[in-house]
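Sequence lines, in order, name chains A and B.
Following my numbering, the numbering of the first sequence begins with 1451 at its first residue and continues without gaps.
Following my numbering, the numbering of the second sequence begins with 1102 at its first residue and continues without gaps.
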Amino acid sequence: MLRVMLTASLAVPVLVLFALALLIPLIILLRQSLLDGSNSSLTLENYAAVIRSLAYRRALLNSVLIAFASTLLALILCFPVAVYIERSNSRYRDALAVALTIPLSLPGIVIGFFVILFFGLTGVVPQLFLLLTGERQLNFAYTFGGMLLGYLYFQIPRVVLVLRGSVAALSQDVIDVSRTLGATPLRVYLDVLLPALLPAMISAASVSLATAFGAFGTAATLSRGFRVLPLEIAASFTESFQPERAASLSIALALLTVALLIGLGQFAERALKPPDAARGGARI
Amino acid sequence: MTPTHRTAHRTADPVMAIGQGFTLVAVVICLAPLPLLLVVATTANWPLGFWADGITLNWMRDGWEAVRPYALFSLRLAAMVLAIDLAIGLPAAWLIARHDFIGRQALVALINLPLAIPGIAIALALILAYPLARASGLLLLLGQVVYTLPFLVATLAPALAQPALIEREAVARTLGASAVQRLLYVTFPTIRSALLAALILVFTLSMGEFNVSFFLFTPLNKTLPVELYSAYITNRVEVAAAITAIFLLFVVPAAIAIERLGGSKIGQA
């Protein structure tokens, strides 16, 4: 009995901390989102106002748009990358794998700044155009295109890491047999590898989408007009100081993210499940 | 990632050739900004072009002078986050790895909850819950601890759960080793690289954290990334590049070390 209690006490610090620093604050955030302006009665008015607002609907649509577009691009780019990194025995393989994890350690603002260095007004690409053609071109850092590039930058390592685990579990025979039977490389990728990696692709997509929905730094650095939800939350709290509005937007964003993660998780579970999926899932 | 057998790579294999092409594109995207950053940071007058008006280290020197207090603050904060994470996360990781109990899944879900909630929502919730604690910097510390703890536990729990380790501990026990001896001579050496990866991971996550910190910082408790952001908004591009280069000196070597130690992290952007 004493032993059981000692063991159970190992959970006490984390439970106390997460109750105080996460659960209670989230409940207060939820309550704030349900308060009316005079802080006296509970109401759904803040949510109704969010839904009625054209600007917020636009921001939600923009968030969904950039999250799905960047995720799709990242999946297409990183699918063959994961196959190569896991299957190749090139001696540069480890160096390439390390290079592909570098964006993970960078905050979103730095990634936004990288886009500005390349495609900002005095970015290297527009400057080269100026030099060669006498006219600045491709200075799209502060548009949807620039933001998309920034989002893709932080998605690459995330998608590669999730996919690599599943590629490692695949049998090489699958590729060899289909090649012997005369499948073209494109067919091998689309008809053999893609179905086998489908659950991993879905996991990768959910990590990528959740990251994009919550991304604030990249958007804060690059956005000039293309508003996404995290920017609206920040503006409603720091600029117009409407904590109820910021709270209801935050709750909406958090619910959207969690619902998406759960939905895609169940979808992935129903799809063919590789043997090590349970372990690999823990680190996400 | 578990090691796997690899069949001989034939350069003629078009499947691998496609993979190689895509990999090169992805690697160029990931790395290209780094040399460009150094060029801009050392160019006297960047709007005029590559190394216009000469190469200079003035921006780097000015940048370091400007961010030194914030860099030192970030280092101190990261050290505190690390200490609290260890004290709280190590017992939790042990419990999850070694015991099956009612509510185990719920505990894992709770610890992973911060990964699913946007950092900006966590920060806002903390401010609304404890408005008076913000000035002391306590919220900044709490926010970063909550945000980094899932990574520590996710790195340590699998290492502690290895069947081979549990078996060795049992053997040591039957040979008469005490609990402390088992911990020092059996458990610790086995999980050492996972532990090191987890520590560096928490450290770099804390050093680079922006989404939570942006709402919780105060003029007296300002982190390096928050100062970076104001440099992007207000400073000339060369100075911003120089400060960014200094910041990367803190995080990129650590990131490479994590990958070499076999730990990989997926954080918020």
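Cβ coordinates follow ideal geometry from the N, Cα and C atoms, glycine included.
Buried versus exposed, by CB contacts within 10 Å (16 or more), residue i
{"i": "residue 1512 of chain A", "result": "buried"}
{"i": "residue 1730 of chain A", "result": "Summary for residue 1730 of chain A: the model assigns pLDDT 34, below 50, so the residue's position carries little reliability; its value from the coordinates is reported in the next sentence. Residue 1730 of chain A should be labelled buried."}
{"i": "residue 1734 of chain A", "result": "Only weak support is given to the placement of residue 1734 of chain A: the predicted model assigns it a pLDDT of 27, under 50, and the value that follows is read from those uncertain coordinates. Buried: at least 16 other Cβ atoms inside 10 Å."}
{"i": "residue 1725 of chain A", "result": "Here residue 1725 of chain A scores only 43 on pLDDT, less than 50, and its place in the model should not be relied on; the value that follows carries that caveat. Exposed, since its Cβ has fewer than 16 Cβ neighbours within 10 Å."}
{"i": "residue 1719 of chain A", "result": "exposed"}
{"i": "residue 1530 of chain A", "result": "buried"}
{"i": "residue 1204 of chain B", "result": "exposed"}
{"i": "residue 1144 of chain B", "result": "buried"}
{"i": "residue 1688 of chain A", "result": "exposed"}
{"i": "residue 1312 of chain B", "result": "buried"}
{"i": "residue 1469 of chain A", "result": "exposed"}
{"i": "residue 1459 of chain A", "result": "exposed"}
{"i": "residue 1454 of chain A", "result": "exposed"}
{"i": "residue 1568 of chain A", "result": "buried"}
{"i": "residue 1117 of chain B", "result": "buried"}
{"i": "residue 1451 of chain A", "result": "exposed"}
{"i": "residue 1359 of chain B", "result": "buried"}
{"i": "residue 1109 of chain B", "result": "The pLDDT assigned to residue 1109 of chain B is 48, lower than 50, so where the model puts this residue is not dependable; a value taken from the coordinates is nonetheless given after this. Result: exposed."}
{"i": "residue 1186 of chain B", "result": "buried"}
{"i": "residue 1241 of chain B", "result": "buried"}
{"i": "residue 1155 of chain B", "result": "exposed"}
For residue i, the first and last residue of its enclosing alpha helix (DSSP H)
{"i": "residue 1469 of chain A", "result": "Neither: residue 1469 of chain A is in no alpha helix (DSSP H) and is coded neither H nor E."}
{"i": "residue 1717 of chain A", "result": "1693-1720"}
{"i": "residue 1117 of chain B", "result": "1115-1132"}
{"i": "residue 1252 of chain B", "result": "1239-1261"}
{"i": "residue 1091 of chain B", "result": "Residue 1091 of chain B lies beyond the range of chain B shown here (1102 to 1370); nothing can be said about it."}
{"i": "residue 1270 of chain B", "result": "1264-1275"}
{"i": "residue 1182 of chain B", "result": "1159-1199"}
{"i": "residue 1576 of chain A", "result": "1574-1583"}
{"i": "residue 1686 of chain A", "result": "It is not in any alpha helix (DSSP H) - residue 1686 of chain A carries neither H nor E in the DSSP assignment."}
{"i": "residue 1559 of chain A", "result": "1558-1569"}
{"i": "residue 1282 of chain B", "result": "1280-1283"}
{"i": "residue 1653 of chain A", "result": "1648-1664"}
{"i": "residue 1742 of chain A", "result": "An answer regarding residue 1742 of chain A cannot be provided, because it is not within the stretch 1451 to 1734 covered by chain A."}
{"i": "residue 1624 of chain A", "result": "1622-1630"}
Neighbouring residues, chain B, relative to residue i (Cβ below 9 angstroms)
{"i": "residue 1568 of chain A", "result": "1133, 1134, 1137"}
{"i": "residue 1693 of chain A", "result": "1225, 1228, 1229"}
{"i": "residue 1683 of chain A", "result": "1219, 1221, 1222, 1225"}
{"i": "residue 1498 of chain A", "result": "Here the premise fails: no neighbours, minimum Cβ distance about 20 angstroms."}
Pick from the options that is closest to residue i, judged by C-alpha positions
{"i": "residue 1132 of chain B", "options": "A:1704, A:1623, A:1549, A:1617", "result": "A:1549"}
{"i": "residue 1660 of chain A", "options": "A:1713, A:1682, A:1698", "result": "A:1713"}
{"i": "residue 1190 of chain B", "options": "B:1294, B:1252, B:1308", "result": "B:1252"}
{"i": "residue 1542 of chain A", "options": "B:1260, B:1165, B:1125, B:1241", "result": "B:1125"}
{"i": "residue 1256 of chain B", "options": "B:1162, B:1340, B:1347, B:1212", "result": "B:1212"}
{"i": "residue 1334 of chain B", "options": "A:1672, A:1553, A:1681, A:1686", "result": "A:1672"}
{"i": "residue 1546 of chain A", "options": "A:1606, A:1597, A:1559, A:1522", "result": "A:1606"}
{"i": "residue 1120 of chain B", "options": "A:1522, A:1668, A:1569, A:1635", "result": "A:1635"}
{"i": "residue 1210 of chain B", "options": "A:1465, A:1664, A:1451", "result": "A:1465"}
{"i": "residue 1130 of chain B", "options": "A:1552, A:1700, A:1701", "result": "A:1552"}
{"i": "residue 1757 of chain A", "options": "B:1230, B:1346, B:1306", "result": "Examination of residue 1757 of chain A is not possible in this model, given that chain A is present from 1451 through 1734 alone."}
{"i": "residue 1353 of chain B", "options": "B:1214, B:1267, B:1233, B:1304", "result": "B:1304"}
{"i": "residue 1559 of chain A", "options": "B:1300, B:1349, B:1362", "result": "B:1349"}
{"i": "residue 1152 of chain B", "options": "A:1510, A:1475, A:1481, A:1574", "result": "A:1574"}
Within chain A, partners of residue i - CB distance below 7 angstroms
{"i": "residue 1117 of chain B", "result": "1534, 1537, 1538"}
Chain A residues whose Cβ lies nearer than 8 angstroms to that of residue i
{"i": "residue 1305 of chain B", "result": "1555"}
{"i": "residue 1220 of chain B", "result": "1664, 1666"}
{"i": "residue 1322 of chain B", "result": "Correct list: empty, because the minimum Cβ distance to chain A is about 16 angstroms."}
Contacts that residue i makes with chain A (C-beta to C-beta distance below 9 angstroms)
{"i": "residue 1148 of chain B", "result": "1571, 1572, 1577"}
{"i": "residue 1215 of chain B", "result": "1468, 1472"}
{"i": "residue 1126 of chain B", "result": "1527, 1531"}
Contacts that residue i makes with chain B (C-beta to C-beta distance below 8 angstroms)
{"i": "residue 1587 of chain A", "result": "Going along chain B, no residue has its Cβ under 8 angstroms from residue 1587 of chain A, so there is no contact; the nearest lies around 16 angstroms."}
{"i": "residue 1635 of chain A", "result": "1115, 1116, 1118, 1119"}
Under 7 angstroms from the C-beta of residue i: neighbouring residues of chain B
{"i": "residue 1630 of chain A", "result": "What residue 1630 of chain A touches in chain B: nothing, since even the nearest Cβ is about 12 angstroms away."}
{"i": "residue 1714 of chain A", "result": "Residues of chain B passing the Cβ test: none, with the nearest at roughly 12 angstroms."}
Which ranges would you report for the alpha helix (DSSP H) in the segment 1322-1349 of chain B if only whole runs of at least 4 residues count? Counting only runs of 4 or more, we get 1325-1335.
Which whole runs of the beta strand (DSSP E) in the segment 1457-1539 of chain A are 3 residues long or more, in chain order? Runs found: none.
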